[in-house]
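The numbering used here puts the first residue of the sequence shown at 650, with every later residue one more than the last.
We put the beta carbon where it would ideally sit given N, CA and C, even for glycine.
Here the structure is a predicted model, which means the values were calculated and not measured.
Accompanying notes for the structure given below.
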Amino acid sequence: MSAGAARGFSYRQFLWANLWTRPVRSALTITAIALQVFLVLFIVGLSSGVVREWGKRVEGVGADLFVQPPNASIFFAFSKAVMEETLADRLLELPDVAQVAPVLVVNDTAGLSVIYGIDYASFHRLSHGFEFLAGGPFQAADEVLVDDIRARASGLRVGDSISLLGQTFRIAGIVRHGKGARYFLPLRTAQQLVGAQDHVSLIYIRSHGDTEATRAAIQALLPGYTVRSVAEYMTLMNSENLPELQPFIHSIVGLGVAVSFLVVLLTMHTLVLERTREIGILKAMGSSKRSVVGLILSETLLLAALGSVLGLFGTYAVRAILAQTNPTLTVLIDFPWILRSVLLAALGATAGALYPAWRAAGFDPVDALAYE
């Protein structure tokens, strides 16, 4: 065997030896890196999925435009009912407006659900009709419509009683999802429950076809009010376009990188101390400092690769479990964030291995061989 082949065999042997001789430590390091990948992918995927799914539900209402009070949040659940309901009648008088539907958006904090208080007739016309999978429209003030995803997740059926906003309601019908909210109450009932008589959170509008002309007419009628097209709204409903979410996502990414950095730093530093004699043998055989550094970094990247695979598997497994146990939560995993999470794992692990690798490369072969 040539000297180069012997060194190559020694490198490979050194590379795998630590993983097999210290299985618990290796498993913990791989788990820490996997946790970083999981945190990044799951938190970003959950944020993106919830935002995107909410946007799709707004799009499914069937409106071209919607009107909100000045400086209203694009998250309807945080919008206050400060618009007079009579504005809907004024908007309907505009020649470019075909249909309007005033909506009171209520956030049920107990069940973490968004509820629409609607005038059934106008909302039904605007959205081209609910598709009932069971039951029918509400006929009384204490009845509610539930979408099929929420009904399946909670095991609800027509005729069941549920508690919303501290009051008990009877389920009148179960409708196909995608019409804005999970629950729909009579508008008057929702207004009474939250103390917003004759006020709504937003007004959905369908134009005769020219959306921009309709928006210009609405802005002329209601100066200062926020008028958005649904197409524009869909472009905004992306976690990367929402400044409120960016600090949170950056914090999670930073936490994940810090965890993998510290764990790899400790692992590789301990490895170098334990394998000082082996490093001395490699240097005595003619290995350069660059080779020793490359060897340590190669083992680090191997750990990062194994951790990334485990993190990806864990993320997809949790998403599959959530799809069965809590279908109202959507986790969106796309390739760009997969690539980013893997690169961040490799970056954090490499940064943690740099000092131990530099320290190992500086060992004197004689001192290393004499190390006990």
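To which residues of the same chain is residue i closer than 7 Å at the C-beta, ignoring the five residues directly before and after it?
i	result
V908	A681, L684, Q685
L981	G694, S697, G698, R701
Q608	Summary: the structure shown does not reach residue 608, with the chain confined to residues 650 through 1021, and so no result is reported for it.
G873	P719
G657	Low confidence applies to G657: its pLDDT is 47, below 50, so where it sits in the model is not reliable enough to give any reading.
V707	G829, V879, Y882
Classify residue i as buried or exposed, calling it buried when 16 or more other Cβ atoms lie within 10 Å of its own Cβ.
i	result
S722	exposed
Y965	exposed
T884	exposed
S812	exposed
P1005	buried
S675	buried
D745	buried
A865	exposed
A880	exposed
R939	exposed
V673	exposed
Q846	exposed
L903	Going by the sequence as given, residue 903 is Gly instead of Leu. With fewer than 16 Cβ atoms within 10 Å of its Cβ, G903 is classed as exposed.
T974	exposed
T735	exposed
Leaving out five residues before and five after residue i in sequence, what residues of the same chain have Cβ atoms less than 6 Å from its Cβ?
i	result
V991	S957
A1000	F910
A839	L753, V755, G766
I692	I901
R968	V980
Is the distance from the Cβ of residue i to the Cβ of residue j below 7 Å?
i	j	result
G822	L794	yes
D713	R855	yes
V849	M732	yes
H826	D796	yes
L741	V749	yes
D809	I798	no
G963	K828	no
V824	F779	yes
L688	I987	no
A995	V913	no
L743	Y853	no
V906	L993	yes
Going by Cα to Cα distance, which pick from the options is closest to residue i?
i	options	result
S878	A866, E861, P872, L871	E861
T979	L871, P985, P786, I970	I970
I851	Q717, G858, V941	Reading the sequence as shown, one finds Leu at residue 851 and not Ile. Checked all of Q717, G858, V941; the closest Cα to L851 is Q717.
A605	F984, A972, R837, I987	This structure cannot speak to residue 605, because the chain is shown only from 650 to 1021.
S762	V902, W703, F715	W703
A789	R806, F779, T817, F781	T817
H857	V689, I692, G711	G711
G784	T977, R806, L915	R806
P976	G804, I987, F984	G804
V985	V673, L690, R671	Checking the sequence, you will find Pro at residue 985 rather than Val. When only C-alpha atoms are compared, the closest one is L690.
H899	R989, A800, L782, D757	R989
T678	V754, T838, N756, T916	T916
G943	R671, D791, L1003, D983	L1003
R671	T863, D791, T919	T919
- [ ] Would you be able to state if there are at least three C-beta pairs under 8 Å between the region 828-844 and the region 767-774?
- [x] At 8 Å Cβ cutoff, the stretches touch.
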